[in-house]
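Sequential numbering from 1 applies to the sequence shown in the UniProt record's numbering.
Heads up, the beta-carbon is just placed ideally off N, CA and C, and yes, glycines get one too.
Keep in mind the model is a prediction, meaning the values are calculated, not measured.
Written below as C-alpha cells is the structure these notes are about.
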Amino acid sequence: DTSYAERGGLRAPERPKSPRTVHLVQRRTTKVGAGLGKTTGWIHRTELRHRGVEMIAGASYDLIDDEGLHLTVDGERRVLPVDTVVLCAGQEPRRELYE
1 DTSYAERGGL
11 RAPERPKSPR
21 TVHLVQRRTT
31 KVGAGLGKTT
41 GWIHRTELRH
51 RGVEMIAGAS
61 YDLIDDEGLH
71 LTVDGERRVL
81 PVDTVVLCAG
91 QEPRRELYE
C-alpha cells in the first residue's frame, strides 16, 4: 500500500455476497469436510461459512419435488426450498474399475 491508506498495508478480505442460497448436505454424521487435509480442510470450511453456505451433516435424502429437497436430519424432517440440486456421489473407492 504505497498510499498508506491501510494500516500495515493490510485490508480485510472482500467477500461478495452470493445471489444464491447454498446448502451443502452430506449423509455422513461427521463434520463437513472432515476427510479433507488437516492443514487445508479448516480453510475451506471457514471460507464456506464466510460466504453463507449452510452445512448440514447426517442427512437422509427423502424426495426431490416442486417444494424442494426433502430430507431428514436427526430424526427431524425438513424441506430445503431449492430449485437446483447438484448431486455428488461415488465417494467409496471402486478400485476394480481401475484395474
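What does the Cβ neighbour count give for Leu10, buried or exposed, with the cut at 16 atoms within 10 Å?
Along the sequence shown, read from residue 1 onward, the residue named residue 10 stands at position 10. Classification for Leu10: exposed.
In chain order, what residues of the same chain lie with their CB nearer than 7 Å to the CB of Ala57, ignoring the 5 residues before and after it?
Here residue 57 refers to the residue found at position 57 of the sequence shown. Counting only Cβ-Cβ distances below 7 Å, and skipping sequence neighbours, we find Gln26, Arg28, Thr29, Thr30, Lys31 and Val32.
Quick check: what's the CA-CA separation for Ser60 versus Glu67?
In the sequence shown, counting from the first residue as 1, residue 60 sits at position 60. In the sequence shown, counting from the first residue as 1, residue 67 sits at position 67. One C-alpha to the other measures close to 17 Å.
What residues in its chain sit with their C-beta under 8 Å from that of residue 134, if we drop five residues either side in the sequence?
Given a span of 1 to 99 for the chain in the structure shown, any question on residue 134 remains unanswerable.
Pick out whichever of Val53, Leu36 and Glu92 has its Cα sitting closest to the Cα of Ser18.
Within the sequence shown, numbered from 1, the residue matching residue 18 stands at position 18. Of the listed residues, the one whose Cα sits closest to Ser18 is Val53.
On the three-state DSSP scale, how would you describe Thr46?
The residue given as residue 46 occupies position 46 in the sequence shown. Of the three classes helix, strand and coil, the one that applies to Thr46 here is helix, per DSSP.
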